[in-house]
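J.:
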Amino acid sequence: MNIDLTIAIIITMVGASTPLLLAALGELVVEKSGVLNLGVEGMMLVGAVVGFAVTYITGNPWIGILAAAFAGSAASLIFAFLTLSLSANQVATGLALTIFGSGFSALFGQPFTGKPIALFKSIFPDSLTDHPILRVFFDYSPLVYFSLFMVFAVWWFLQKTRAGLILRAVGENDHSAHSIGYSVIKVRYGAVAFGGAMAGIGGACFPLILTPQWVEGLTGGRGWIALALVVFSAWKPTRLLAGAYLFGLIATMELYAKAAGGSFRIIPSELWASLPYLATIIVLVLISLRHKGNSSAPACLGKPFISSN
Amino acid sequence: MKLINRRNALKIGGAAAVLPLIGTKAFAQKEKVKAAFVLIGTPDDNGWNYGHDLGRQEMITALGADRVETTVVTNVAEGPDSERVFRELAQQGHDIIFGTSFGYGDAMLKVAKQFPDVKFEWATGYKTASNLSIYNARFHEGRSVLGTISGMMSKTGIGAYIGSFPIPEVVMGINAFHLAARKANPDFITKVVYVDSWFDPAKEADAARALIDQGVDVITQHTDGPAALQVAEERGIVGGFGQGADMSAFAPKAHLTSIIDIWSPYYIKAVKSLLDGNWKEGSSWEGLAGGEVVIGKYNEKIPADVVAAAEAVRTGIIDGSVHPFAGPITDNKGTLRVEAGDVIDDGEFWGVDWYAQGVEA
Numbered sequence: 051m052n053i054d055l056t057i058a059i060i061i062t063m064v065g066a067s068t069p070l071l072l073a074a075l076g077e078l079v080v081e082k083s084g085v086l087n088l089g090v091e092g093m094m095l096v097g098a099v100v101g102f103a104v105t106y107i108t109g110n111p112w113i114g115i116l117a118a119a120f121a122g123s124a125a126s127l128i129f130a131f132l133t134l135s136l137s138a139n140q141v142a143t144g145l146a147l148t149i150f151g152s153g154f155s156a157l158f159g160q161p162f163t164g165k166p167i168a169l170f171k172s173i174f175p176d177s178l179t180d181h182p183i184l185r186v187f188f189d190y191s192p193l194v195y196f197s198l199f200m201v202f203a204v205w206w207f208l209q210k211t212r213a214g215l216i217l218r219a220v221g222e223n224d225h226s227a228h229s230i231g232y233s234v235i236k237v238r239y240g241a242v243a244f245g246g247a248m249a250g251i252g253g254a255c256f257p258l259i260l261t262p263q264w265v266e267g268l269t270g271g272r273g274w275i276a277l278a279l280v281v282f283s284a285w286k287p288t289r290l291l292a293g294a295y296l297f298g299l300i301a302t303m304e305l306y307a308k309a310a311g312g313s314f315r316i317i318p319s320e321l322w323a324s325l326p327y328l329a330t331i332i333v334l335v336l337i338s339l340r341h342k343g344n345s346s347a348p349a350c351l352g353k354p355f356i357s358s359n
Numbered sequence: 009m010k011l012i013n014r015r016n017a018l019k020i021g022g023a024a025a026v027l028p029l030i031g032t033k034a035f036a037q038k039e040k041v042k043a044a045f046v047l048i049g050t051p052d053d054n055g056w057n058y059g060h061d062l063g064r065q066e067m068i069t070a071l072g073a074d075r076v077e078t079t080v081v082t083n084v085a086e087g088p089d090s091e092r093v094f095r096e097l098a099q100q101g102h103d104i105i106f107g108t109s110f111g112y113g114d115a116m117l118k119v120a121k122q123f124p125d126v127k128f129e130w131a132t133g134y135k136t137a138s139n140l141s142i143y144n145a146r147f148h149e150g151r152s153v154l155g156t157i158s159g160m161m162s163k164t165g166i167g168a169y170i171g172s173f174p175i176p177e178v179v180m181g182i183n184a185f186h187l188a189a190r191k192a193n194p195d196f197i198t199k200v201v202y203v204d205s206w207f208d209p210a211k212e213a214d215a216a217r218a219l220i221d222q223g224v225d226v227i228t229q230h231t232d233g234p235a236a237l238q239v240a241e242e243r244g245i246v247g248g249f250g251q252g253a254d255m256s257a258f259a260p261k262a263h264l265t266s267i268i269d270i271w272s273p274y275y276i277k278a279v280k281s282l283l284d285g286n287w288k289e290g291s292s293w294e295g296l297a298g299g300e301v302v303i304g305k306y307n308e309k310i311p312a313d314v315v316a317a318a319e320a321v322r323t324g325i326i327d328g329s330v331h332p333f334a335g336p337i338t339d340n341k342g343t344l345r346v347e348a349g350d351v352i353d354d355g356e357f358w359g360v361d362w363y364a365q366g367v368e369a
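Protein chains in written order, with our numbering: chain A, 51 to 359; chain X, 9 to 369.
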């Protein structure tokens with residue numbers, strides 16, 4: 051394989067991975083706090099449509115991304131109110147959020163269907179983005195660098211800060227955290243809102259860096275892959291980065307292999323499409339074997355917290 | 009559009025009471041037809057559903073709002089849910105119901121049996137009943153025109169076809185495109201990528217990137233939406249084509265031309281035959297000649313000789329002098345499939361499960 055094609059594959063792979071990475075990073079923090087929000091797909095759709103609409107109206111993708119973050123966050127707060135304040139079932143509410151997000155985005159997006167915007171491209175000079183070798187570092191949208199920065203930021207927050215420790219404590223043992231004076235509900239509200247904002251930005255990647263248009267169902271089920279990715283990563287931000295790029299590479303290689311023809315065609319496309327999920331299952335099995343049934347999931351994941359006093 | 013309220017219900021009841029008193033001739037002809045359209049998406053998709061809804065509007069304009077009133081139901085999923093929708097529409101007293109997606113078939117055949125007086129029309133269907141007709145368009149005729157342009161304009165000699173699923177209609181679209189391109193450039197190669205979805209714009213865009221990175225400079229797609237075309241514009245390749253509707257707004261430079269679906273001639277014919285009392289079940293499959301498939305505006309950058317060649321193919325198909333599948337055709341494994349002087353006729357069309365020589369699929 052020649053160097054030009056390799057670089058082209060890397061660039062496409064990074065683009066395909068970035069929305070997954072952003073949404074999954076947000077969900078990772080949510081799950082670390084002990085909340086399971088299955089509404090990632092819905093929040094991504096809300097972020098995608100709002101990001102598109104605001105970029106279309108203002109012509110400024112930065113404002114569009116900000117609006118997408120707020121919109122995703124707002125959608126997630128509906129979930130937070132139902133599950134945290136009213137102790138509703140998290141699985142059912144998360145699924146409802148996905149259904150709500152797809153319906154809301156379809157309705158809100160109607161006037162924007164069939165309108166083009168410009169891609170949110172690299173801000174580096176052409177001499178770098180067109181350079182045959184250096185473009186592998188520079189030919190990306192600012193959203194890509196932002197997602198990489200966020201991997202570091204989330205890792206640093208969870209491992210190196212006191213607030214991160216509190217968040218993990220709330221996710222591992224909510225009653226203990228409560229008894230030493232931390233507000234479990236407030237911490238979880240914060241985590242869910244952050245997860246919503248990240249899913250919103252992840253959704254905005256679709257019209258801004260992948261395909262500059264809005265249509266109903268634009269995210270095409272990537273929110274579910276983001277959820278699988280969090281499990282795949284065993285709730286570790288660095289492994290999440292590797293997982294997101296691996297999932298992106300599988301999706302990208304499917305298309306490059308089909309376009310290349312030849313022996314790659316022997317692998318049926320249905321198998322390509324199921325590889326991310328197969329990989330998740332294999333990793334789960336490996337983790338279980340290593341820990342002898344002791345999973346690395348936060349201990350309070352998905353359990354509602356009801357204060358005893 | 010009109011809902012059934014109590015006054016209408018009385019009217020319908022009154023009409024039903026009077027009906028037996030009127031002779032059969034009056035029964036056959038209708039003053040006014042109530043037509044329903046069931047869509048899989050929404051009319052603002054700028055593609056498939058848009059085309060059907062435009063056909064409905066033009067049908068009303070042509071026949072007059074006093075002769076036909078319509079109901080539109082959008083976002084109806086294929087399968088069991090659609091059966092409920094078709095039954096409800098039939099119960100509400102619609103005279104004719106158009107189901108505009110392939111997957112409505114089972115539900116329509118079932119409901120049609122229960123409502124023998126209601127006429128059903130199944131787009132892209134394959135099975136008729138005494139009160140159920142099917143209608144389709146010869147999209148592949150448009151593909152021949154696109155193939156001609158691609159064969160003449162491609163610099164790398166490699167074109168791409170982004171498909172949804174390998175169903176007969178898509179396979180024949182690919183063959184029509186490729187055979188026409190090979191007439192202009194005997195070494196033309198068509199790379200086929202199936203994205204396994206009718207609708208996943210991000211994947212279509214990435215498929216277009218993968219193809220362009222491997223030498224493709226003309227792209228056509230059999231999926232709804234402009235995703236591939238936008239990548240063609242971004243990368244500055246020779247070009248791409250609009251599918252279902254004109255998509256030049258998305259890619260002013262790359263949009264070479266488009267295949268536009270026009271359903272109004274069929275909708276006018278179907279509803280008019282019901283008004284005249286001579287509706288009969290049948291199977292309609294019109295193309296460029298019937299005006300159901302139309303080639304859109306040519307991009308200004310296409311040289312005059314290419315436009316002339318494309319037009320020659322278009323008019324040739326209309327007058328019958330050009331056939332999209334004229335022999336000799338060899339498949340991509342080297343077997344001679346169609347003898348010289350022979351063609352793939354309408355009956356053989358749906359059974360083709362091979363690609364012509366030079367197609368990489």
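Ideal Cβ placement from N, Cα and C applies to all residues, glycine included. Keep in mind the model is a prediction, meaning the values are calculated, not measured.
(1) Once you ignore the five residues that flank leucine 134/A on each side, which residues in its own chain have a CB closer than 7 Å to its CB?
(2) From the DSSP output, in three-state form, read off valine 126/X for me.
(3) Going by alpha carbons, who is nearest to isoleucine 167/A out of Asp327/X, Trp271/X, Glu241/X, Ala297/X?
(4) Under a CB-based cut-off of 8 Å, is valine 93/X close to chain A?
(5) Using the C-alpha atoms, what's the distance from valine 242/A back to valine 302/X?
(6) Return the chain-ordered list of same chain residues with a C-beta closer than 8 Å to the C-beta of proline 192/A, the five sequence neighbours on each side being excluded.
(7) Does the pairing of the segment 262-272 of chain X with the segment 141-154 of chain X give three or more beta-carbon distances under 8 Å?
(8) Taking Cβ positions only, does proline 262/A come closer than 8 Å to chain X?
(9) Buried or exposed, going by whether 16 or more other CB atoms sit within 10 Å of the CB of valine 409/A?
(10) Given that a residue counts as buried once 16 or more other Cβ atoms are within 10 Å of its Cβ, and exposed if not, what is lysine 309/X?
(11) What is the rounded straight-line gap between the Cα of isoleucine 332/A and the Cα of valine 186/A?
(12) If you scan the segment 105-158 of chain A from start to end, which runs of the alpha helix (DSSP H) of 4 or more residues do you find wholly inside it?
(13) Could you spell out the range, first to last residue, of the beta strand (DSSP E) harbouring alanine 231/X?
(14) Based on the DSSP output, what are the partners of isoleucine 267/X in its beta bridges?
(15) Pick from Leu217/A, Leu136/A, Val96/A: whose alpha carbon is nearest that of isoleucine 356/A?
(16) Quick one: is glycine 92/A near chain X, going by C-beta distance under 8 Å?
(17) Does the ligand SAM have even one heavy atom less than 7 Å from the beta-carbon of proline 262/A?
(18) Answer yes or no: do histidine 148/X and alanine 184/X have a C-beta to C-beta separation smaller than 8 Å?
(19) Nearest to alanine 292/A by alpha carbon, out of Asp54/A, Leu336/A, Leu70/A, Thr62/A?
(20) Any chance you could list the beta strand (DSSP E) runs of at least 3 consecutive residues sitting entirely within the segment 207-291 of chain A, in chain order?
(21) According to the neighbour-count rule (16 or more other Cβ atoms, all chains shown, within 10 Å of its Cβ), is alanine 257/X buried or exposed?
(22) Count the other CB atoms within 10 Å of the CB of phenylalanine 35/X; is the residue buried (16 or more) or exposed (fewer)?
(23) Can the beta-carbon of glycine 165/X be found closer than 8 Å to that of asparagine 193/X?
(24) Quick one: what's got a C-beta closer than 7 Å to methionine 116/X's C-beta in the same chain, skipping five residues either side?
(25) Phenylalanine 249/X versus chain A: which residues are under 7 Å apart at the beta carbon?
(26) Give me the subset of the segment 187-199 of chain X whose CB atoms are less than 8 Å from a CB atom of chain A, sorted by chain position.
(27) With C-beta atoms as the reference, is valine 201/X less than 8 Å away from leucine 187/X?
(28) Taking the C-alpha atoms as reference points, what is the distance between leucine 11/X and alanine 215/X?
(29) Return the residues of the segment 214-232 of chain X that lie within a Cβ-Cβ distance of less than 8 Å from chain A, sorted by chain order.
(30) How about the segment 310-319 of chain X and the segment 69-87 of chain X: do they share at least three Cβ pairs that are nearer than 8 Å?
(31) Starting from phenylalanine 188/A, trace the alpha helix (DSSP H) in both directions and tell me its first and last residue.
(32) Considering only the alpha carbon of each residue, which of Lys82/A, Lys286/A, Phe102/A, Thr288/A lies closest to glycine 252/A?
(33) Would you check if the distance between the CB atom of valine 201/A and the CB atom of leucine 75/A is smaller than 8 Å?
(34) Starting from arginine 217/X and walking both ways along the alpha helix (DSSP H), at which residues does that stretch end?
(35) Buried or exposed for proline 234/X, please, with buried defined as at least 16 other CB atoms from any protein chain shown within 10 angstroms of its CB.
(36) Among the residues of its own chain, which have a CB less than 6 Å from the CB of threonine 198/X, if the five just before and after it don't count?
T.: Taking the definition as stated:
(1) Your numbering for residue 134/A matches position 84 in the first sequence. Once the five neighbours on either side are set aside, the close Cβ partners of leucine 134/A are Ile235, Arg238, Tyr239.
(2) For the purposes of this step, residue 126/X is identified with residue 118 of the second sequence, where counting begins at 1. In the structure shown, valine 126/X sits in coil (DSSP, three-state: anything other than H, G, I, E or B).
(3) Start at 1 with the first residue of the first sequence, and residue 167/A comes out as number 117. For isoleucine 167/A, the nearest C-alpha among the options comes from Glu241/X.
(4) On the second sequence, position 85 is the one that residue 93/X refers to. No, its Cβ sits nowhere closer than 8 Å to a Cβ of chain A.
(5) Indexing the second sequence from 1 puts residue 302/X at position 294. Indexing the first sequence from 1 puts residue 242/A at position 192. Straight-line Cα distance between these residues: approximately 51 Å.
(6) Translated into positions along the first sequence, residue 192/A becomes position 142. So the qualifying residues of the chain are Phe170, Ser172, Ile173.
(7) yes
(8) Here residue 262/A refers to the residue found at position 212 of the first sequence. With 8 Å as the cut-off, proline 262/A counts as an interface residue toward chain X.
(9) With chain A covering 51 to 359 only, the question about residue 409/A has no answer from this structure.
(10) Working through the second sequence from its first residue, we reach residue 309/X at position 301. Result: exposed.
(11) Within the first sequence, residue 332/A is the residue found at index 282, counting from 1. Within the first sequence, residue 186/A is the residue found at index 136, counting from 1. Whole-angstrom Cα-Cα distance: 31 Å.
(12) 111-130
(13) By one-based count along the second sequence, residue 231/X stands at place 223. The residue you asked about is not alanine; residue 231/X is threonine in the sequence shown. Threonine 231/X -> no beta strand (DSSP E), and no H or E assigned at all.
(14) The count along the second sequence starts at 1 and reaches residue 267/X at position 259. Note: isoleucine 267/X sits in a beta bridge opposite Gln251/X, Ile303/X.
(15) For the purposes of this step, residue 356/A is taken as residue 306 along the first sequence, with counting starting at 1. The candidate whose alpha carbon is nearest that of isoleucine 356/A is Leu136/A.
(16) Counting from 1 along the first sequence, the entry for residue 92/A is found at position 42. Closer than 8 Å: no.
(17) You won't find the ligand SAM in this model; it holds no ligand whatsoever.
(18) Taking the first residue of the second sequence as position 1, residue 148/X is located at position 140. Taking the first residue of the second sequence as position 1, residue 184/X is located at position 176. Result yes, Cβ atoms of histidine 148/X and alanine 184/X sit closer than 8 Å.
(19) Counting from 1 along the first sequence, the entry for residue 292/A is found at position 242. Ranking Asp54/A, Leu336/A, Leu70/A, Thr62/A by Cα distance to alanine 292/A puts Leu70/A first.
(20) none
(21) For this step, residue 257/X is matched to residue 249 along the second sequence. Its Cβ having fewer than 16 others within 10 Å, alanine 257/X is exposed.
(22) Here residue 35/X refers to the residue found at position 27 of the second sequence. Note that phenylalanine 35/X has pLDDT 48, beneath the 50 cutoff, so the model's placement of it is unreliable and no number is given.
(23) For the purposes of this step, residue 165/X is taken as the residue at position 157 of the second sequence. For the purposes of this step, residue 193/X is taken as the residue at position 185 of the second sequence. Taking 8 Å as the Cβ cut-off, glycine 165/X and asparagine 193/X qualify as a contacting pair.
(24) Here residue 116/X refers to the residue found at position 108 when the second sequence is read from its first residue. Taken in chain order, the residues that qualify are Phe94, Gly107, Phe128, Trp130, Leu140.
(25) Against the second sequence, residue 249/X aligns to sequence position 241. Neighbours of phenylalanine 249/X on chain A: none; closest Cβ ~16 Å, over 7 Å.
(26) Lys199
(27) Residue numbering aside, residue 201/X sits at position 193 when the second sequence is read from its first letter. Residue numbering aside, residue 187/X sits at position 179 when the second sequence is read from its first letter. No, these two residues do not count as a Cβ contact at 8 Å.
(28) In the second sequence, counting from the first residue as 1, residue 11/X sits at position 3. In the second sequence, counting from the first residue as 1, residue 215/X sits at position 207. Because leucine 11/X sits at a pLDDT of 46, beneath the cut-off of 50, its placement in the model cannot be relied upon, and the following sentence gives the value as read from the coordinates. If I take the Cα positions, the gap works out to 45 Å.
(29) Asp214, Ala215, Arg217, Ala218, Leu219, Asp221, Gln222, Val224
(30) no
(31) Here residue 188/A refers to the residue found at position 138 of the first sequence. Run containing phenylalanine 188/A: 185-188, per the alpha helix (DSSP H) assignment.
(32) By one-based count along the first sequence, residue 252/A stands at place 202. Of the listed residues, the one whose Cα sits closest to glycine 252/A is Phe102/A.
(33) Position 151 of the first sequence, counted from the first residue, corresponds to residue 201/A. Position 25 of the first sequence, counted from the first residue, corresponds to residue 75/A. Cβ atoms of valine 201/A and leucine 75/A: closer than 8 Å.
(34) The residue you call residue 217/X lines up with position 209 of the second sequence. Run containing arginine 217/X: 209-221, per the alpha helix (DSSP H) assignment.
(35) As a first step, residue 234/X must be located in the second sequence, where it is residue number 226. It counts as buried.
(36) For the purposes of this step, residue 198/X is taken as residue 190 along the second sequence, with counting starting at 1. Here the set comprises Gly167, Tyr169, His186, Val367.
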